[in-house]
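Sequence lines, in order, name chains U and D. All letters in the first sequence, in the order written, are residues 17 to 358 by the numbering used here. All letters in the second sequence, in the order written, are residues 17 to 358 by the numbering used here. Right, one structure below, let's go through it.
2 protein chains.
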Amino acid sequence: MSLGEFDLIAKYFVRPAGQGPRRAVVGNGDDCAVLAPAAGMQLAVSTDALVEGRHFLSTVDPARLGHKALAVNLSDLAACGARPLGFTLALTLPRVDEAWLAGFARGLLDLADEHDCELVGGDTTAGPLAIGVTVLGEVPVGGVLLRSGARPGDELWVSGHPGEARLALEAFRGTLHPSLPAEAFDATRLAMECPQPRVALGLGLRGLATAAIDVSDGLLGDLGHILRRSGVSADVFADALPLSRWLAARPRHEQLDCILAGGDDYELVFTAPPERHAEVLALGAQLGLVLSRIGSVGHRDGSAPRLRLWEGAAPLANRWVSFDHFRQPSPSTPAPNPGEAP
Amino acid sequence: MSLGEFDLIAKYFVRPAGQGPRRAVVGNGDDCAVLAPAAGMQLAVSTDALVEGRHFLSTVDPARLGHKALAVNLSDLAACGARPLGFTLALTLPRVDEAWLAGFARGLLDLADEHDCELVGGDTTAGPLAIGVTVLGEVPVGGVLLRSGARPGDELWVSGHPGEARLALEAFRGTLHPSLPAEAFDATRLAMECPQPRVALGLGLRGLATAAIDVSDGLLGDLGHILRRSGVSADVFADALPLSRWLAARPRHEQLDCILAGGDDYELVFTAPPERHAEVLALGAQLGLVLSRIGSVGHRDGSAPRLRLWEGAAPLANRWVSFDHFRQPSPSTPAPNPGEAP
Chain U
17 MSLGEFDLIA KYFVRPAGQG PRRAVVGNGD DCAVLAPAAG MQLAVSTDAL VEGRHFLSTV
77 DPARLGHKAL AVNLSDLAAC GARPLGFTLA LTLPRVDEAW LAGFARGLLD LADEHDCELV
137 GGDTTAGPLA IGVTVLGEVP VGGVLLRSGA RPGDELWVSG HPGEARLALE AFRGTLHPSL
197 PAEAFDATRL AMECPQPRVA LGLGLRGLAT AAIDVSDGLL GDLGHILRRS GVSADVFADA
257 LPLSRWLAAR PRHEQLDCIL AGGDDYELVF TAPPERHAEV LALGAQLGLV LSRIGSVGHR
317 DGSAPRLRLW EGAAPLANRW VSFDHFRQPS PSTPAPNPGE AP
Chain D
17 MSLGEFDLIA KYFVRPAGQG PRRAVVGNGD DCAVLAPAAG MQLAVSTDAL VEGRHFLSTV
77 DPARLGHKAL AVNLSDLAAC GARPLGFTLA LTLPRVDEAW LAGFARGLLD LADEHDCELV
137 GGDTTAGPLA IGVTVLGEVP VGGVLLRSGA RPGDELWVSG HPGEARLALE AFRGTLHPSL
197 PAEAFDATRL AMECPQPRVA LGLGLRGLAT AAIDVSDGLL GDLGHILRRS GVSADVFADA
257 LPLSRWLAAR PRHEQLDCIL AGGDDYELVF TAPPERHAEV LALGAQLGLV LSRIGSVGHR
317 DGSAPRLRLW EGAAPLANRW VSFDHFRQPS PSTPAPNPGE AP
């Protein structure tokens with residue numbers, strides 16, 4: 017069965033009246049959508065594309081793929097402390113597969129509804145499978161969380177359990193010894209395919225964190241962006257890194273590889289003054305989200321993060337580097353040890 | 017030579033301080049860019065992706081491709097009467113080719129500068145060549161040009177000389193008899209590869225046009241969107257259609273195929289009350305842009321446009337249909353007569 021471009025958008029992505037958020041003054045279907053941030057708010061914008069063979073495997077469940085395409089973008093809003101308003105979708109499809117489209121739209125729009133984020137525009141094209149999303153959110157004037165605000169003396173925090181997505185990816189690649197038990201594989205695969213953007217955490221960190229970033233390319237690599245922008249250094253304490261149940265059962269070198277350089281985590285790394293330690297913990301408790309203090313910000317200028325076993329211990333050799341799409345092999349091919357520098 | 021993802025963005029797309037528009041409160045390089053529409057303004061958003069083999073040929077000059085990727089999006093802003101503010105770029109590249117990237121960035125950023133439109137965010141990925149752009153603009157509250165505002169009695173207008181892009185495409189496909197002279201090929205190829213978004217026209221039409229759309233899928237097909245949204249009919253007068261120098265030299269059936277169903281024109285089709293005829297002409301003169309009155313809006317509900325040779329003549333059979341990416345063969349393969357309905 018063949019469907020035209022206009023039918024596709026109408027059938028799968030335009031919501032019936034009364035269903036889903038309606039924030040656009042002019043919605044999906046005119047040349048532009050029109051949105052208005054609330055008074056005193058500025059607009060936060062981010063864009064991310066997902067390409068088959070690079071960001072996802074062709075076997076992925078379409079609902080999970082729809083979820084992830086939006087999740088990785090909402091994660092950027094979260095890192096800025098922005099509240100989601102709407103998003104646009106540019107979808108390139110090799111063919112019109114209605115079962116696939118229905119699943120994709122469900123995963124995408126369910127997550128959109130959860131975050132009150134309206135699909136305000138779209139474009140579909142025939143071509144190799146790729147998904148481009150641009151999200152729009154609002155932040156109070158002067159209230160955006162930046163990478164550049166970390167100060168010497170700040171504590172360094174991370175949300176959730178980074179490393180699970182990479183553990184699942186390595187299980188797919190068959191590089192794990194011992195191999196991953198089925199239950200662990202299912203759980204970590206969910207973390208890889210259905211990351212939860214930390215939108216509520218980002219909102220809670222407004223006025224509390226001094227800097228934040230989301231972990232898409234690996235914890236140490238992304239932390240490096242904060243350090244360079246803020247002109248500070250940081251110590252990360254290996255023994256303070258949060259281990260999920262599944263990572264806790266793995267060899268130590270694998271734990272560190274996955275947590276420090278895994279990528280695809282969509283947790284937030286952030287800095288906050290030590291006198292606000294209790295407030296950070298209270299926020300985590302309120303959100304039901306583990307927030308772990310994993311290090312400290314120091315004076316030295318913009319260098320790579322230093323790794324120590326614990327606060328005050330001697331620095332370890334740091335061989336964990338940032339994930340880079342142009343330097344890594346595709347996820348469908350076996351990779352070298354992800355912790356090895358190129 | 018291999019460049020990483022972060023280097024790519026920094027090298028080709030981040031402007032030196034003082035060069036290019038600076039409108040973002042937080043620019044390219046943080047998780048989100050932050051923008052603020054001016055007081056009394058709302059935000060207009062549109063997104064379009066260009067995929068190799070579908071929207072452009074692999075042989076296209078990269079500077080022209082960079083120009084076009086932004087132009088087709090600015091054209092959507094123009095159709096809404098929005099002033100460009102900024103845009104995001106999601107670039108998928110099969111490999112890092114520095115000469116290509118330098119050309120692409122030049123074409124893209126030159127057009128961006130011309131329209132005072134800042135690149136506020138980006139994402140690069142390895143994969144099949146594709147370019148996703150999302151543009152953001154501002155429109156006065158209540159002042160957006162819509163597809164739904166056409167009223168019976170309005171005059172129907174088109175800007176410029178639609179049809180040239182399709183003439184060039186058919187020359188590439190080798191379907192033209194007689195074939196196109198070299199000078200005509202170069203000129204129409206420029207129209208296809210470097211369309212000029214009618215941003216200034218869109219701004220001038222605020223408060224003057226009752227409805228507008230940009231011609232991306234063919235004049236009659238796009239006009240059909242206005243008719244359906246506005247609940248009106250329209251007559252298009254074949255003898256009033258503007259013929260460029262190059263189209264004027266072609267057989268009549270080819271002229272009509274290209275103008276009425278060509279697509280890829282990025283001219284504006286709009287409606288305006290007859291008592292404002294002189295104002296429309298004055299706007300065209302001011303902008304140095306041909307604006308042609310090509311028809312009338314009637315009462316009958318949301319049907320396909322009717323074609324007549326001139327006002328009052330009997331309707332002609334209308335075999336021109338909308339361009340549809342999922343129904344058309346790719347531009348690299350010969351197509352049937354573009355005017356034939358499937």
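From the three backbone atoms N, C-alpha and C, an ideal C-beta is built for every residue, glycine too. Given the structure is predicted, the values throughout are model-derived calculations rather than measurements.
Within the region 256 to 323 of chain D, the complete alpha helix (DSSP H) segments at least 4 residues long are 261 to 264, 268 to 277, 293 to 303, listed from N- to C-terminus. Shown here for P290 of chain U: same chain residues with a beta carbon closer than 8 Å to its own, the five before and five after excluded, namely G169, D170, E171 in chain order. Contacts with chain D (Cβ-Cβ distance below 7 Å) from the region 79 to 111 of chain U involve D92, L93, A95, C96, A98, T104, A106, T108, listed in chain order.
Chain-ordered listing is empty here: chain D has no CB closer than 8 Å to the CB of I275 of chain U, the nearest sitting near 20 Å. Counting only residues of its own chain and dropping the five nearest sequence neighbours on each side, L219 of chain U has a CB closer than 7 Å to the CB of G97, R99. Between G102 of chain D and E130 of chain D the beta-carbon gap is near 14 Å, outside 8 Å, which marks them as no contact. For I147 of chain U, the beta-bridge partners assigned by DSSP are U:L66, U:L107. Contact between the region 222 to 232 of chain U and the region 256 to 268 of chain U is absent: fewer than 3 CB-CB pairs across the two stretches fall below 8 Å. Bridge partners of T226 of chain D according to DSSP: none are assigned. Residues of chain U with a Cβ closer than 7 Å to the Cβ of L152 of chain D are, in chain order, V61. A contact between stretches requires three or more CB pairs, one per stretch, nearer than 8 Å, and the region 183 to 195 of chain U fails this requirement with the region 139 to 148 of chain U.
DSSP lists D:T104 as the beta-bridge partner residues of G137 of chain D. DSSP places F29 of chain U in no alpha helix (DSSP H); its state is neither H nor E. Boundaries around S91 of chain U are those of the alpha helix (DSSP H), 78 to 96, since no beta strand (DSSP E) includes it.
Under the Cβ criterion of 7 Å, L51 of chain D is counted among the residues facing chain U.
According to the DSSP assignment, F120 of chain D belongs to the alpha helix (DSSP H) that extends over 114 to 130. In terms of Cα proximity to A95 of chain D, the closest of D:R214, D:L224, D:W262, D:G240 is D:R214.
Along the region 214 to 237 of chain D, going in chain order, the ones with a CB nearer than 7 Å to a CB of chain U are I229, D230.
The beta-carbon of D139 of chain U is placed less than 7 Å from the nearest beta-carbon of chain D. For S195 of chain U, there is no enclosing beta strand (DSSP E), as DSSP marks it with neither H nor E. The DSSP-derived three-state label of D170 of chain U is coil. DSSP lists U:V50, D:G153 as the beta-bridge partner residues of A60 of chain D. Between the alpha carbons of V67 of chain D and Q212 of chain U lies a gap of roughly 30 Å. Against chain D, the beta carbon of G123 of chain U has no neighbour under 8 Å; the closest one sits roughly 19 Å away. The residues W262, in chain order, have a CB closer than 7 Å to that of A203 of chain U in the same chain once the five nearest residues on each side in sequence are set aside. A Cβ-Cβ contact shorter than 7 Å links T287 of chain D with A227 of chain D. A250 of chain U is positioned such that its CB atom lies no closer than 7 Å to that of V160 of chain U. Between T75 of chain U and A330 of chain D, the alpha-carbon positions lie close to 56 Å from each other. Looking at the DSSP output, P213 of chain U bridges to nothing.
In this model, R324 of chain D and L276 of chain D are separated by some 12 Å (Cα to Cα).
Per DSSP, A329 of chain D lies in no beta strand (DSSP E) and is assigned neither H nor E. Here D233 of chain D carries a coil assignment [DSSP, helix/strand/coil]. Straight-line spacing of the CA atoms in I242 of chain U and D47 of chain D works out to 11 Å. With distances taken between CA atoms, K27 of chain U lies nearest to U:A118 out of U:A118, U:L107, U:H83.
Here E180 of chain D is buried, its C-beta having at least 16 other C-beta atoms within 10 Å.
Boundaries of the alpha helix (DSSP H) around F188 of chain U: 180 to 189.
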